[in-house]
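Per our numbering: the sequence shown ends with 337, consecutive numbering throughout.
From the three backbone atoms N, C-alpha and C, an ideal C-beta is built for every residue, glycine too.
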Amino acid sequence: MMSGYHIRLARAEDLSALPEIERQANALFAAYGLAEQLSNILTPIEGLRAGVNADRLWVAADEVDRPVGFALASVVGDNAHLDELDVHPAHGQRRLGTALVETVCDWASSRRMWRSCPTESAKISSARLIMPLSK
């Protein structure tokens, strides 16, 4: 992750910025013919708010603490699940997505949950399953 950025838990005042980050990130799929479909599919604000309230929503913030990316996680049974991951394209290619995924994996590990996390070298294309720590 480049200097000037940091990962932190999201706050209620961050919520209004997140739909536009998701919308801009979805636009990257235009080359695959998916931009129109994805432009109307955004994470509901209620889901983001629930993430803030449960400490399951993190933002990548810039040097003035403005959100430029986010990761929303949930708990499904005994498993951690990454529900949404977006980085504004203007801040892409700075390892912010990787830092957000690692943050979610650390959160899951601290709660001894199973989680699926992308490998460092394979990025999103292949995932490795990480077993929970012994209880």
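- DSSP, read as helix, strand or coil, puts ASN242 in coil.
- With respect to LEU230, PRO269 sits apart: the two C-beta atoms are not nearer than 8 Å.
- Taking the CA atoms as reference points, GLY294 sits about 32 Å from GLY279.
- Our two residues, LEU259 and LEU211, have alpha carbons roughly 6 Å apart in a direct line.
- Pairing ALA262 with VAL289 gives a Cβ-Cβ distance under 8 Å.
- In terms of Cβ geometry, LEU287 and ILE247 do not form a close pair [threshold 8 Å].
- Taking GLU222 as reference, the option from ARG297, ASP308, VAL306 and PHE272 with the minimal CA-CA separation is PHE272.
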